[in-house]
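Those sequence lines, one after another, are chains P and U.
Residue numbering for the first sequence follows numbering that gives the first Met the number 0, beginning at 0 and increasing consecutively.
Residue numbering for the second sequence follows numbering that gives the first Met the number 0, beginning at 0 and increasing consecutively.
Written below as structure tokens is the structure these notes are about.
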Amino acid sequence: MDLVISQLLTGLSIASILMLVALGLAIIYGVTGVINLAHGEFVMLGAYCAWFLQSQFGLGLIASLIPIFLILALFGWVIETLVIRHLYNRPLDTILATWGIGVMAQQLIRLTAGGELRYVEMPAALSRSVSVFGASESAYRLFILALALALFAVTWYLYRYTSFGLKLRAVTQNRDIASSFGVNSGRIYRATFAYGAGIAGLAGALVSPLKSVSPEMGTTYVVDAFMVVVLGGAQSLFGTVASSGILGELSAFLAFHSNDTIAKAVVLLAIVVLIRFRPQGLFSTRVRA
Amino acid sequence: MTTRRKFLTGTAALGAASLGGFPHIWSKNSMLARAADGQIKVGVLFSLTGTTAIIEESLHKATLLAIEEINAAGGANGMEIVPVVEDPASDPATFAEKARKLVLSDRCVSVFGAYTSASRKAVLPVFEKRDNLFWYPTLYEGRECSKNVIYTGAVPNQQQDDFIPWLVENFGKRWYLIGSNYIYPKEENNYCKKLLAELGAEVVDEEYVPLGHSEFSSVINKLKAEKPDVIFSTVVGDSVVALHRQYHAAGLDPETMPMASLTTSENEVAAMGADAAAGHFTSAPYFMVWDSPENQKFVEAYRSRWGGDKVTHFVSEPSYFQIQLFKQAVEKLAPSDIDPVNIREALKGEQYQAPQGLVKVEPENLHTWLRPKIGRCKSDGQFEILKQSADWLGPDPYKAYPGQLCTAEGLKEA
């Protein structure tokens, strides 16, 4: 019995990391339609911020979460202003531009922080395991799970119940009409991009104590994030949650009963088959073009 | 066309060179000799960019340090060793291309480089075709027999022969094997299983994760369910860091379920944090804490050259001492005879007092006699050496394959 629970918890833990990483991408893509290939590097920069704040200022991980969100949001804001703003409605060019930004970010980190692997210390209070219904689970993984859900709730609240969210939904549906009703769509886009970048940074900071921090770490995360977004459907926030849940539990199940190599291959295959029959993803809200 | 003036300047230059102390410049083939003008060119082929640059950078630095030390002390055979540095960018195809450049257009007499097996396999044909010499400092899976490669890292029998029986005796007979999914871990596990079978131990699971894998929660669930006595890990790169950190976060205890690794060096420990590494075991011929005058000198020189926070480890040490072996081989040769084949012949049986202890190049298979040690990681990020092999241990790259033997004439089927 505790094996089943511990399997479920493992699945949830994988899912929470997937969701953290994918949430920023889903928001940016869902609202602005920009396919942000630099998303993995936003995650990487978040992890490096955590490392920098910890090693230079002795700031613990939890205390540095808000500064990291703000730094990355600012970074996203600047990128949007300098580059992305000029490339809306040119999807191919944005892919190239964001990819280039990603490469530059990687090399920038390599030149300033160096190529070696870095590490971020886990908060002492969370570096133990706790018992959940008889199954022991790492306290830090549960913390990530809780925080991922909280972040989703905040995002959902912003999206659904604030005037910013209302404008955001209007712009998502039809930018021109929304503009003609006085919505400053440029500013909405910029804020969305900054928010998405900030969340990606948080994701990077949160996974850094469990994984390694290196200039190339973003590459794997961007693939995972795209898988989640493609499966969940681009415009749907709930789709992102549901699809990370499905992918997390599925990988955990397959990895336990065969191994991680098989799990990865089967999950990818399942997504390929699925988008053949449902190209819009599992959950998608109807949007007028 | 040779004009009188050109002829005169030419002879003047040669005369000056002979006065400068290179009498052999007059001997046969002097214009064709690889070592000319008091310089020997060697290639240095470690990735400075790309995914494995993290570790290869330290090998590059150890190599350059050794070359600088030799040149400062008067060079090899009175000649300056000139490193020609190329960056193969962690890509096997680029490795082959750069190796070709070093051998053909720079006319290097030897190339030092590579970390991954994939990159070594990629450059191998270049050196075999041109009969040049490649020096490979990394521990690797064995099962290779080339007369154009000098292997200064450990092969499976050198890391495992002492390690596995010691672990079985101290921890028990239920083993869990985990590795990254490629040739190196599979060959190591192959040999490990052979040893375990002889010792009557049991493999409860053997698992491979994709290269670069960083999500080990399912593996940790299996560890919790199986409760093995020893986890034998040949996971490489970033995955080592992720595995240790997640093991630590899950609250598993190295006292009862230690990880025994062939790939966790001071370098990986620095990246994962000492708290996650403490209590686990590694087998290697070299540890940074090894107490010898040569090692003290090496560590001090490395840190004063490249930074006080840098670590030396079991791949950077061979990168360092193989240059010294190169120097010794070159010094046995007349400058006109310096070419890759003669260097190889001069190298056979050559010994050097390395930081790890006295090492020797095996004449038959061009691997190196090393001095394996077992270390346990402490909470300060350094290893405590628990056991060292009584004598040096010979390399046998085909030990897991009883029918095969690597000899100077090539691979022999028994």
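Cβ coordinates follow ideal geometry from the N, Cα and C atoms, glycine included.
Query - Any C-beta of chain P under 7 angstroms from that of glycine 272 of chain U - result: So, interface residue.
Query raised in the report: What is the residue span of the beta strand (DSSP E) that proline 82 of chain U lies within?
Result: The continuous beta strand (DSSP E) containing proline 82 of chain U extends over residues 79 to 85.
Report task. Identify every residue that forms a DSSP beta bridge with threonine 406 of chain U. Result -> Threonine 406 of chain U has U:Gly409 as its beta-bridge partners, per DSSP.
Query raised in the report: When the cut-off is 7 angstroms and only beta carbons count, does serine 89 of chain U lie next to chain P?
Result: It does not: the Cβ of serine 89 of chain U has no partner Cβ on chain P nearer than 7 angstroms.
Query raised in the report: At a Cβ threshold of 7 angstroms, is tyrosine 175 of chain U touching chain P?
Result: With respect to chain P, the C-beta atom of tyrosine 175 of chain U has no partner C-beta closer than 7 angstroms.
Requested in this report: Evaluate the contact criterion for the region 301 to 310 of chain U versus the region 394 to 408 of chain U: three or more CB pairs, one atom per stretch, below 8 angstroms.
Outcome: No, they do not touch.
Query raised in the report: Taking Cβ positions only, does proline 209 of chain U come closer than 7 angstroms to chain P?
Result: Chain P, which has a Cβ nearer than 7 angstroms to the Cβ of proline 209 of chain U, makes this yes.
**Report entry** Top-ranked residue by Cα proximity to leucine 103 of chain U, from U:Val125, U:Lys386 and U:Pro87
**Finding:** It is U:Val125.
Query raised in the report: Distance, Cα to Cα, serine 232 of chain U vs glutamine 38 of chain U?
Result: The alpha-carbon atoms of serine 232 of chain U and glutamine 38 of chain U are separated by roughly 44 angstroms.
Report task. Just the chain P side, please: which residues come within less than 7 angstroms of glutamine 245 of chain U by C-beta, in chain order? Result -> Chain P residues near glutamine 245 of chain U: Leu209.
**Report entry** Where valine 240 of chain U meets chain P, residues with beta-carbon distance less than 8 angstroms
**Finding:** Residues of chain P passing the Cβ test: Leu116, Tyr118, Lys210 and Ser211.
Requested in this report: Give me the Cβ distance between glycine 250 of chain U and arginine 127 of chain P, rounded to the nearest whole Å; I'm assuming they're in contact under 8 angstroms.
Outcome: Going by Cβ atoms, the distance from glycine 250 of chain U to arginine 127 of chain P rounds to 6 angstroms, so yes, they are a contact pair.
Query raised in the report: Between U:Glu206, U:Met256 and U:Lys226, which lies nearest to valine 234 of chain U when the distance is taken from Cα to Cα?
Result: Of the candidates U:Glu206, U:Met256 and U:Lys226, U:Glu206 places its Cα closest to the Cα of valine 234 of chain U.
Requested in this report: Please state if the CB of alanine 21 of chain P and the CB of valine 227 of chain P are separated by a distance shorter than 7 angstroms.
Outcome: Contact: yes.
**Report entry** Inter-residue spacing [alpha-carbon to alpha-carbon] between threonine 50 of chain U and glycine 77 of chain U
**Finding:** Pairing threonine 50 of chain U with glycine 77 of chain U, the inter-Cα distance amounts to about 38 angstroms.
Report task. Mind listing the chain U neighbours of phenylalanine 255 of chain P? Cutoff is C-beta to C-beta under 8 angstroms, in chain order. Result -> Near phenylalanine 255 of chain P (Cβ distances below 8 angstroms), the residues of chain U are Ser217, Asn220 and Lys221.
Query - At least 3 beta-carbon pairs within less than 8 angstroms: the region 161 to 177 of chain P vs the region 20 to 39 of chain P - result: A contact exists between the region 161 to 177 of chain P and the region 20 to 39 of chain P.
Requested in this report: Give the DSSP bridge partners of aspartate 204 of chain U, in chain order.
Outcome: Residue pairing by DSSP places aspartate 204 of chain U opposite U:Tyr175 in a beta bridge.
Query raised in the report: At a Cβ threshold of 7 angstroms, is lysine 411 of chain U touching chain P?
Result: Under the 7 angstroms criterion on CB atoms, lysine 411 of chain U is classed as non-interfacial with respect to chain P.
Requested in this report: Give every residue of the same chain whose Cβ lies closer than 7 angstroms to the Cβ of glutamate 107 of chain U, excluding the five residues on either side of it in the sequence, and list them in chain order.
Outcome: At residue 107 of chain U the sequence reads cysteine, which differs from the glutamate that was named. Closer than 7 angstroms at Cβ, skipping near neighbours: Lys40, Val41, Gly42, Val83 and Leu101.
Query raised in the report: What are the boundary residues of the alpha helix (DSSP H) that tryptophan 165 of chain U is part of?
Result: Boundaries of the alpha helix (DSSP H) around tryptophan 165 of chain U: 162 to 170.
Query raised in the report: Which two residues bound the contiguous alpha helix (DSSP H) that contains tryptophan 98 of chain P?
Result: Where tryptophan 98 of chain P is concerned, the enclosing alpha helix (DSSP H) starts and stops at 90 to 112.
Query raised in the report: So, is the C-beta of asparagine 451 of chain U closer than 7 angstroms to a C-beta in chain P?
Result: Examination of residue 451 of chain U is not possible in this model, given that chain U is present from 0 through 413 alone.
Query raised in the report: For the region 33 to 49 of chain P, which residues have a beta carbon sitting closer than 7 angstroms to at least one beta carbon of chain U?
Result: Under the 7 angstroms Cβ criterion, the region 33 to 49 of chain P contributes no residue.
Requested in this report: Compare the C-beta of tyrosine 400 of chain U with all C-beta atoms of chain P and state if any pair is closer than 7 angstroms.
Outcome: By this cut-off, tyrosine 400 of chain U is not an interface position.
Query - tyrosine 114 of chain U, DSSP secondary structure in three states - result: Per DSSP, reduced to three states, the secondary structure at tyrosine 114 of chain U is coil, with no helix or strand assignment.
Report task. Measure how close the beta-carbons of valine 240 of chain U and methionine 271 of chain U come, nearest whole angstrom, since I'm counting them as under 8 angstroms. Result -> Rounded, the Cβ-Cβ distance is 4 angstroms, consistent with contact.
Report task. Check isoleucine 39 of chain U in the structure and name its three-state DSSP category. Result -> Shown here, isoleucine 39 of chain U sits in a strand according to DSSP, grouped into three states.
**Report entry** Residue-level contact to chain P via CB, glutamate 422 of chain U, 7 angstroms cutoff
**Finding:** Examination of residue 422 of chain U is not possible in this model, given that chain U is present from 0 through 413 alone.
Requested in this report: Using the DSSP secondary-structure output, state which residues sit across from leucine 392 of chain U in a beta bridge.
Outcome: Looking at the DSSP assignment, leucine 392 of chain U forms a beta bridge with U:Leu369.
Report task. Examine chain U for any beta-carbon lying closer than 7 angstroms to the beta-carbon of isoleucine 13 of chain P, and answer yes or no. Result -> It does: the Cβ of isoleucine 13 of chain P has a partner Cβ on chain U nearer than 7 angstroms.
Query raised in the report: Cβ of glutamate 215 of chain P less than 7 angstroms from any chain U Cβ?
Result: Cβ-Cβ to chain U under 7 angstroms: yes for glutamate 215 of chain P.
Query - Which residues DSSP lists as bridging valine 134 of chain U, in chain order - result: Going by the sequence as given, residue 134 of chain U is tryptophan instead of valine. DSSP, once it has assigned bridges, lists U:Phe111 and U:Ile149 as partnering tryptophan 134 of chain U.
Report task. Have a look at valine 102 of chain P and arginine 89 of chain P and give me their C-alpha separation to the nearest angstrom. Result -> Using only the alpha carbons, I get a separation of about 20 angstroms.
Requested in this report: Step through the CB atoms of chain U and report whether any lies within less than 7 angstroms of the CB of isoleucine 4 of chain P.
Outcome: Isoleucine 4 of chain P is outside the set of residues whose beta carbon lies under 7 angstroms from a beta carbon in chain U.
Query raised in the report: If you follow the beta strand (DSSP E) that glutamate 136 of chain P is part of, which residue opens it and which one closes it?
Result: In the DSSP annotation of this structure, the continuous segment of the beta strand (DSSP E) that includes glutamate 136 of chain P starts and ends at 134 to 137.
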